[in-house]
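**Student:** So for the sequence shown, the numbering used here puts the first residue at 522; every next one is plus one. Each residue gets a CB set at the ideal place from its N, CA and C atoms; glycine is no exception. Quantities reported herein were computed from a predicted structural model and do not represent experimental measurements.
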Amino acid sequence: MTTNPFRYGALALDDAFTDREAEVAELLSDILNGQDVVVFAPRRYGKSSLVWRVSQLAIAQDVLVAHVNLMTTPTSERLAEKLAETIHDDLASTLFRARERFRVFAGLRITPVVTVDPNTGKLGFTFDAGRQPQDLDATLERLLELPGQLAAERGRKVALVLDEFQEIVDIDPDLPRLMRSVFETQPDVAHVYLGSKRHMLERIFNDENEPFWRSAKQMELGLIAPPLFRAYIDARFESTGRRIERAVVDRVLDATLGHPYATQELSYFLWEETPEGGLATGEQYDVALEKLLRAEHAHFGLVWEKAARAQRLVLHALAREPGRPLASEYRRRHGLPGPSSVQRALAALLKDELVGRDGSGEYRIAEPFLAEWLRREEQ
C-alpha cells in the first residue's frame, strides 16, 4: 500500500522537508562560524524542521550538536537533568569511550544520580531537589560551561540548540543572566534559539534591559515561494503513482500562499482523495478541503471561544476582506466598533499570531484555513 508522501503536525524530515535551501545554507554557515542565532517565525512555519535538517548537515561536517527542549524542563532541576543527558548522549558519547564519559561531570557541585532505562538501556540523570539553591545554580553554570570546554579541548565545533527558549524566564527569572554570562565566553559554540511564542522571544532578544539583548543574529523565516512548492507537490504526487491537475495545484497554493504547514496539510488530504494511479481534480480538492476543515473544527472552535467580542468582529471582517480595520470606511463596512477597541483587538490577535500584517500594512488572518472556516460558519 502506497504511503501518503505529505506530512503535517510532526517534523518534516528527509523527503518531506520542502525547499528552504537558502535558509539551510545560511544557518549551516552560521553554525560553522560559531555564530549565535535566534530563529523567528510564526507558528507552523517549520522552525524545528529547519533546525533538524541543518543539525544533520552540521553533524556530517564533524560538528557536535546538542539539543535541549525547554518545554520539557519546567524547573531548574529538570533543566540540569536534560543538560546532563544531552551532554552525555550528544557530546561525551562521541568524544570518549564508555568508561571515560562520566569524567566530564567530575567538577559538578551536585553529583547526578545515573539511572538506566531497563527497556531501552538509555541513561538518565537526576539531581537532588533538596539541595541548596546556590548548589544547583553552581551545577547549572558548570553544565552550561561544558559544551564550550569540550569544544576547546577537542578542537571541535559545537552547536547547542535551545528549543522553546522563551520558557527560560518561567523556569527561573535569573537564568537568562546566568546563561548569557556563560555563553558570551564560548566562541567555539554556536547557540541556536527558537520558540513558539514570538512576542516573548522578541522581548528577550530586542529589549535593551534584557541580558540577551543583541546577543544573537536574528533570522526570519517567511512563507515558501509558491513556484517552489508547486514543483514539490507535483513531484510528491508523481512519486506515488498519482497526478494532480495544474489548476488544482494553483488552488492549493492560492489557499495557503506557501504556508509550510498548511500546504502540507491540504496536500495530505488531497492525496488521500486521489485514487491510486488517478488524477487529482477540482472535485477531489473540494472534498479534501471540506474534510480538512472538519478536522480543524475543534481547534478553530477553541480559538473562537477564547476570543473577546471585538476580536471576533475583527476576525469576521478580515475573513471577508483583508485590509485596514482601523480605517473609518473599513469599520463602517463591517460594523466594527471604535478605533480604540479595534486597536486592542488587533494587538491581541497579533500577539496570538492569528492575524498578520503584510508589507503594505494590510492585516489578514494568518492562521491557516481559519478565514475559510469563519466564512462557512457565517453561512
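1. Assuming D583 and R724 form a contact by the criterion Cβ under 8 Å, report the distance between their Cβ atoms to the nearest whole angstrom.
2. So what's I725 in DSSP terms, helix, strand or just coil?
3. Determine which residues share a DSSP beta bridge with M740 and list them.
4. Could you tell me the distance, in whole angstroms, from the CA atom of A882 to the CA atom of E811?
5. Using DSSP's beta-bridge definition, name the partner residues of H837.
6. Which value, in whole angstroms, describes the spacing of the CA atoms of A768 and P748?
7. Quick one: which unbroken beta strand (DSSP E) runs of 3-plus residues sit fully inside the stretch 591-622? Chain order, please.
8. What separation, rounded to the nearest whole angstrom, lies between the Cα atoms of V575 and Y789?
9. Counting Cβ pairs closer than 8 Å, one from the stretch 740-754 and one from the stretch 578-595, do we hit at least three?
10. DSSP has I886 in a bridge; who is on the other side?
11. Verify whether the separation of the beta carbon atoms of V559 and A737 is less than 8 Å.
12. Out of K603, G645, S861, L664, point me to the one whose CA is closest to L699's CA.
13. Report all residues from its chain with a CB closer than 8 Å to the CB of Y851; omit the five preceding and five following residues, and keep chain order.
14. Taking 8 Å as the threshold (C-beta atoms), are T706 and F750 in contact?
15. Would you please state the rounded distance, in angstroms, between the beta carbons of G555 and V710? I believe it to be under 8 Å.
16. Is it a yes or a no for the stretch 641-661 touching the stretch 602-618, going by three-plus beta-carbon pairs under 8 Å?
17. Use the C-beta contact count for R565: other C-beta atoms within 10 angstroms, 16 or more gives buried, fewer gives exposed.
18. Measure the beta-carbon distance from L585 to R541 and round it to whole angstroms, keeping in mind my assumption that it falls under 8 Å.
19. Leaving out five residues on either side along the sequence, give the residues of the same chain with a beta carbon under 6 Å from the beta carbon of V808.
20. Quick one: give me the first and last residue of the beta strand (DSSP E) that F646 is part of.
21. Measure from the alpha carbon of E804 to the alpha carbon of each residue in Y753, V773, A831, H780, then state which is nearest.
22. Does the count of Cβ pairs from the stretch 545-553 and the stretch 751-768 closer than 8 Å reach three?
23. Which residues share a DSSP beta bridge with Y714?
**Tutor:** So, to answer that:
1. D583 to R724, Cβ: 36 Å. No contact.
2. helix
3. V560
4. Inspection of the sequence shows that residue 882 is occupied by Gly rather than by Ala. Each residue's Cα considered, the two are about 31 Å apart.
5. Bridge partners of H837: none, in fact.
6. 13 Å
7. none
8. 25 Å
9. no
10. V876
11. yes
12. L664
13. A838, E842, G844, R845, L857
14. no
15. 7 Å
16. yes
17. buried
18. Contact flag wrong, Cβ pair sits at about 23 Å.
19. E794
20. 644-647
21. V773
22. no
23. V559, L683
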